[in-house]
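Read through the structure below, which is laid out as structure tokens, and then see the notes.
In our numbering, the protein residues as written are 397 to 677.
Below is the structure:
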């Protein structure tokens with residue numbers, strides 16, 4: 397890391413309903429290894445009375461997440477969640493009608509989503525750690541502002557569009573592009589770092605899927621996204637990236653883990669970021 401770099405937490409974002417819109421915060425508590433309220437709800441393609449757990453069965457006859465990997469229709473659904481009131485507000489992109497649903501009695505919400513996606517969909521709730529994309533390294537994901545700005549320039553998109561495509565929880569400023577590639581090591585190892593009072597372990601460069609290739613409002617595919625990304629990622633890959641976890645260039649962002657000893661602490665915008673060194677997992 398350059399001596400001139402002064403890393404600090406610039407943005408703090410949760411995704412209350414997995415695959416739907418983000419919610420920005422000034423400060424968030426760490427609960428059950430991740431940010432409180434992050435991906436606390438998930439949409440599942442299964443009748444509401446089905447008895448299954450999408451965290452352990454997400455394909456085949458056992459149920460399947462309704463997310464951007466499965467359907468581009470999720471991108472056209474605007475959402476806002478009031479966690480304290482237990483109320484979810486939805487609107488279709490380009491439409492004027494706003495619908496509000498109680499999460500305590502989700503039958504009406506399940507009916508609405510089933511009509512919207514044209515298949516049986518139910519909303520599931522997991523308050524203890526939510527439904528993370530990476531079940532092994534289930535802490536908040538991290539990227540730098542400079543990285544998002546650099547990637548946005550490859551596609552002539554806005555910084556906000558890049559944020560909404562890659563969907564990171566933690567955004568670090570005051571550092572150069574791809575600084576976060578310092579936050580992982582080889583298999584069996586992690587890079588410890590501290591944000592404010594919270595110690596995290598950087599574990600893995602995040603493997604990307606089809607979601608970043610789509611417009612976050614319309615779901616429209618960006619032509620040649622993967623090919624351009626792979627070419628530019630190789631061109632700009634820092635020379636010091638030397639990890640057997642970096643398997644292919646379609647990776648961006650870092651998956652983390654937070655030990656139970658850190659639960660109950662808070663992360664806040666403006667917190668400083670300090671690298672602590674490599675640890676054994």
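We put the beta carbon where it would ideally sit given N, CA and C, even for glycine.
- Per DSSP, the beta bridge partners of residue 439 are 519.
- Residue 487 is bridged by DSSP to 474 and 494.
- Taken through DSSP and simplified to helix, strand or coil, residue 643 comes out as coil.
- The alpha-carbon of residue 670 is positioned some 20 Å away from that of residue 533.
- Contiguous beta strand (DSSP E) elements confined to the segment 540 to 615 occur at 566 to 569, 585 to 591 and 594 to 603, taking only those with 3 or more residues.
- Assignment of beta strand (DSSP E) within the segment 621 to 677, counting only whole runs of 3 or more residues, yields 647 to 653, 662 to 664 and 669 to 676 in chain order.
- A distance below 6 Å between beta-carbons, with the five flanking residues on each side excluded, links residue 464 to the following residues of its chain, in chain order: 415, 470 and 607.
- Taking the Cβ atoms as the reference, residue 615 lies roughly 34 Å from residue 404, outside the contact range of under 8 Å.
- Judged by their CB atoms, residue 646 and residue 633 are not nearer to each other than the 9 Å cut-off.
- Under the 10 Å beta carbon count, residue 526 is surrounded by 16 or more other beta carbons and is classified as buried.
- For residue 420, the three-state secondary structure derived from DSSP is strand.
- In the structure shown, residue 401 falls within a coil segment according to DSSP collapsed to helix, strand and coil.
- With a 10 Å radius around the Cβ and a threshold of 16 neighbouring Cβ atoms, residue 419 comes out buried.
- Contact annotation, residue 579 with residue 592: C-beta distance approximately 16 Å; criterion of less than 8 Å not satisfied.
- An exposed status is given to residue 554, since fewer than 16 other beta-carbon atoms sit within 10 Å of its beta-carbon.
- Relative to the Cα of residue 546, the nearest Cα in the group 442, 631, 475 and 637 belongs to 631.
- Excluding five sequence positions before and after residue 640, the CB atoms of its chain that fall closer than 8 Å to its own CB belong to 582 and 583, given in chain order.
- Residue 544 and residue 642 have their C-alpha atoms roughly 19 Å apart.
- Residue 562 and residue 622 have their alpha carbons spaced roughly 13 Å apart.
- In this structure, DSSP gives residue 432 a state outside helix and strand, which the three-state scheme calls coil.
- Non-local C-beta neighbours of residue 504 in its own chain, meaning closer than 8 Å and more than five positions away in sequence, comprise 497 and 498, ordered along the chain.
- Between residue 677 and residue 535, the alpha-carbon positions lie close to 14 Å from each other.
- The Cβ neighbour count for residue 575, taken over all protein chains shown within 10 Å, is at least 16; the residue is labelled buried.
- Distance check between residue 413 and each of 602, 460 and 520 places 520 closest, using alpha-carbon atoms only.
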